[in-house]
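Residue numbers (this note's numbering): 50 to 484.
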């Protein structure tokens with residue numbers, strides 16, 4: 050669920066304590082594109098010059114996680130070429146690859162490297178794309194994500210979103226030693242950084258469209274919830290005006306000029322639009338005796354999706370921002386909550402319950418077809434990637450809480466990273482600025 054406050058409002062199951070947290074992936078489809086990502090070869094390297102970052106491995110994992118690629122097992126490669134003239138295309142055709150990614154790394158002075166990659170069409174026997182980079186050792190992981198993005202966009206036709214970030218809440222300790230941290234990590238979970246630490250709960254992080262700020266809810270002032278907007282780079286933050294009752298579930302508008310949130314200042318939880326600078330008075334969007342919460346914007350900024358129990362059980366509704374009636378969107382199952390809309394506007398993902406347990410489901414808004422993507426029993430807080438092809442969420446397995454991703458195209462599971470704390474409420478960040 051998107052926030053602890055929402056979970057209490059809707060009376061859903063509480064998360065059990067976890068012994069271990071792991072980041073897991075599940076994704077893939079039968080029609081995924083077969084690609085060979087060959088280990089990048091060192092050129093003119095002395096002993097000790099090789100970087101400790103496996104560029105090809107990161108790229109391979111990124112592409113697999115999207116669900117649109119089926120990378121070949123490197124153990125089955127017949128050769129490891131690093132240049133176009135070294136490639137024997139008939140061998141790669143025999144292995145079933147449609148494309149091959151090759152590359153080479155040359156050490157330079159000053160802890161720097163020159164990295165060049167080439168993406169090759171196996172059947173045409175020619176180069177599709179390629180580029181040369183100069184990068185320090187500290188920038189190699191980001192470069193692997195950049196190359197992944199370029200391969201994805203070349204072959205799929207839209208941005209891959211691998212060079213983005215995920216925000217989430219991490220909890221450590223127990224009892225009086227309990228600590229809550231707002232974390233930001235790379236899209237694959239690596240290199241996490243602490244943005245905020247508090248002894249009180251932090252809830253519902255949401256990235257601004259420019260990737261510079263995160264809105265979230267904090268209970269640090271006591272039991273009264275308050276919405277904050279924090280600059281990720283500087284740590285500076287602004288507390289929005291706090292109203293009596295609930296202040297929860299902030300969600301940035303696509304233009305970054307507004308925040309939708311749940312307020313109960315008039316006695317009942319409804320969806321409002323706020324000024325992120327706190328200057329203007331909140332404008333109500335919903336007015337209903339039911340509980341309306343967890344707003345999520347459509348990509349065009351004209352519609353808000355939200356969770357409401359106005360029909361008797363939690364379901365997802367949508368309502369125009371500039372006037373109009375609410376329309377129910379989900380009908381399958383007795384519980385559907387925590388909506389997230391894909392950046393391309395085609396899909397809606399949410400936490401779904403039909404019988405026992407909670408799973409992540411996706412609704413095709415064009416075809417009105419719903420598919421359940423995960424197995425449960427307690428999968429929550431879905432958030433779409435910038436590529437619209439992956440969904441981040443949390444799941445509980447009984448002895449572990451996992452930050453996971455699932456492709457909208459199918460299911461294949463595998464582990465990425467392990468660490469020993471509870472994580473909640475992932476929110477996938479936007480594409481990096483072109484600047």
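Every residue, glycine too, gets a C-beta built ideally from N, C-alpha and C.
- If you draw a straight line from the Cα of residue 108 to the Cα of residue 127, it is about 20 Å long.
- A buried status is given to residue 118, since no fewer than 16 other beta-carbon atoms sit within 10 Å of its beta-carbon.
- If you look at residue 106, you'll find it in the alpha helix (DSSP H) that goes 104 to 114.
- In the DSSP assignment, the residues bridged to residue 477 are 215.
- For the pair residue 351 and residue 115, the Cα-to-Cα distance works out to about 28 Å.
- For the pair residue 229 and residue 250, the CB atoms are nearer than the 7 Å cut-off.
- Inter-residue distance for residue 381 and residue 159 is about 59 Å (C-alpha atoms, whole angstroms).
- Ranked by Cα distance from residue 434, the first of 216, 424, 302 is 216.
- Three or more pairs of CB atoms, one per stretch, sit closer than 8 Å, so the stretch 194 to 213 contacts the stretch 426 to 443.
- Within a 10 Å sphere around the beta-carbon of residue 277 sit 16 or more other beta-carbons, which makes this residue buried.
- Excluding its 5 nearest sequence neighbours in each direction, residue 227 has C-beta neighbours in its own chain below 8 Å: 220, 221, 248, listed in chain order.
- Distances from the alpha-carbon of residue 122 to those of 330, 105, 136, 285 put 105 closest.
- Secondary structure remark: continuous beta strand (DSSP E) runs of at least 3 residues inside the stretch 236 to 315, in chain order: 242 to 247, 251 to 256, 262 to 267, 275 to 280, 286 to 288, 296 to 301, 308 to 312.
- Residue pairing from DSSP places residue 433 in a beta bridge opposite 440.
- Residue pairing from DSSP places residue 341 in a beta bridge opposite 357.
- With a contact defined as Cβ atoms closer than 8 Å, residue 441 and residue 475 qualify at about 4 Å.
- The beta carbons of residue 231 and residue 244 sit closer together than 7 Å.
- Rounded to whole angstroms, residue 218 and residue 314 show a C-alpha spacing of 26 Å.
- Residues 406, 407, 408 of the same chain have their beta carbon placed closer than 7 Å to that of residue 425, with the five preceding and five following residues left out of the count.
- Per DSSP, reduced to three states, the secondary structure at residue 394 is coil, with no helix or strand assignment.
- When rounded, the separation of the alpha-carbon atoms in residue 98 and residue 201 is 29 Å.
- Excluding residues up to 5 positions away in sequence, 232, 233, 234 lie with their Cβ nearer than 8 Å to the Cβ of residue 242 in the same chain.
- Pairing residue 321 with residue 303 gives a Cβ-Cβ distance that is not under 7 Å.
- Here residue 143 carries a helix assignment [DSSP, helix/strand/coil].
- The DSSP-derived three-state label of residue 373 is coil.
- Across the set 166, 330, 257, 470, the C-alpha of 257 shows the shortest separation from the C-alpha of residue 305.
- Non-local C-beta neighbours of residue 260 in its own chain, meaning closer than 6 Å and more than five positions away in sequence, comprise 478, 479, ordered along the chain.
- For residue 369, the CB contacts under 7 Å within the same chain, skipping 5 residues up- and downstream, are 351, 352 in chain order.
- With contacts defined by Cβ atoms closer than 7 Å, residue 169 and residue 176 form a contacting pair.
- A residue is called buried once 16 or more other Cβ atoms fall within 10 Å of its Cβ, and residue 172, having fewer, is exposed.
- In this structure, residue 138 places its C-beta atom within 7 Å of the C-beta atom of residue 174.
- Between the alpha carbons of residue 295 and residue 149 lies a distance of about 53 Å.
- Taking a contact as a CB-CB distance under 8 Å, the pair residue 336 and residue 360 does not count as one, their CB atoms being some 16 Å apart.
- Within the DSSP bridge table, the entry for residue 182 names 164 as partners.
- A direct Cα-Cα distance of roughly 30 Å separates residue 292 from residue 397.
- Boundaries cannot be given for residue 423, as no beta strand (DSSP E) includes it and DSSP labels it neither H nor E.
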